[in-house]
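Which chain is which? The protein sequence lines are S and G, in order.
Each step along the first sequence adds one to the number in the working numbering, with nothing skipped, and position 51 is 51.
Each step along the second sequence adds one to the number in the working numbering, with nothing skipped, and position 79 is 79.
We put the CB at the ideal spot given by N, CA and C, even for glycine.
Here the structure is a predicted model, which is why all the values come from computation and not from measurement.
So the structure is just underneath, and the comments pick up after that.
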Amino acid sequence: MIPLEYYLAVASVIFVIGVTGVIIARNIIIIFMSIELMLNAGNLTLIAFSRSLSGMDGHIMVFMVMTVAAAEAAVGLAIIIALFRHRDSANIDEVNLLKW
Amino acid sequence: MELAIFLISALVAIAAAFLVVIQRNPIAAVMYLVTAFVAQAVLFIQLNAAFIAVLQIIVYAGAIMVLFLFVIMLLNLRREEYGKDIRLKFKPIVVALGIVLLVEAVVAIQAASMSAHGDGSLPEMFGSIQSVGKLLFTDYLYPFELTSVLLLVAVLGAVVMAKRKL
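What follows is the structure, given as structure tokens:
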């Protein structure tokens, strides 16, 4: 059996990649995908702890996270479509109406 | 053997995640993200979470990523709109933040390895559809019902957002 720490290490690396992606990317769709990456890293830690503690509650939490991710993807992509209709661009730097 | 499968799928997941972030073409990024999700599904299977692994492939790699692809094709981005490059002026900040986060994660993992000590024995049917479903309809019935409300709100929100005129 592979130790719990290995899974946590993989999940933390993927999470950090997701965080840097949100900061570094210009394309709003790539930023959105980085958020999905972070959610997935969280799922991996939940499943790893669930296996390590021999309890099934982590699986239910992952189920809920997947539901939230689906809802978030639907609403977020609708926002991207509305944004593209107004700005005609997927570049996040051009969306600066609320910037001071 | 077990360790080899773990190492391969972990490396594929990390490499694909990295490629998603540095990719300029959104379609290619979606494909790499699907690769990362499939590699994570392999990790889930190794953790005796068969149902969650299937869910990961059907819901994440299937449904959500197809939604991404639809939106990218709907937007009809021209090549110059991919963005010139990743934002290089943020590079030092990103590197510093990444290192800080990783160090934090290492400290947290060391703390976790002290607190979590399962003996590795599993109850029967661990991670099967049957046991997940049983939990969902007994202990977690109320949150499970609430997810339906969440999905309903998401549907309404998506329609309101994407509609040209109400």
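As assigned by DSSP and simplified to three states, the class of residue i
i	result
Asn138/S	As displayed, chain S neither begins before 1 nor continues past 100, which places residue 138/S out of reach and without an answer.
Met125/G	coil
Thr147/G	helix
Leu8/S	helix
Test: residue i CB closer than 7 Å to a CB of chain S
i	result
Phe137/G	no
Leu177/G	Since the displayed chain G opens at 1 and closes at 166, residue 177/G lies outside it and no answer follows.
Met161/G	yes
Val42/G	no
Burial state of residue i (16 or more Cβ within 10 Å)
i	result
Met125/G	exposed
Asn76/G	exposed
Ser121/G	exposed
Arg51/S	buried
Gly133/G	exposed
Arg26/S	buried
His86/S	exposed
Glu36/S	buried
Val155/G	exposed
Tyr193/G	Only positions 1 to 166 of chain G appear in the structure, and residue 193/G is not among them; the question remains open.
Residue-chain proximity (residue i, chain G), Cβ-Cβ < 7 Å
i	result
Gly21/S	yes
Asn40/S	yes
Ile2/S	yes
Ile31/S	no
Leu37/S	yes
His59/S	yes
Which runs of the alpha helix (DSSP H) at least 4 residues long sit entirely within the stretch 16-99 of chain S? Give them in chain order.
28-52, 57-87
Members of the stretch 4-20 of chain S that neighbour chain G once the beta carbon cut-off is set at 8 Å
Leu4, Glu5, Tyr6, Tyr7, Leu8, Ala9, Val10, Ser12, Val13, Ile14, Phe15, Val16, Ile17, Gly18, Val19, Thr20
Enumerated in chain order, which unbroken segments of the beta strand (DSSP E) with a length of 3 residues or greater are wholly contained in the stretch 20-68 of chain G?
none
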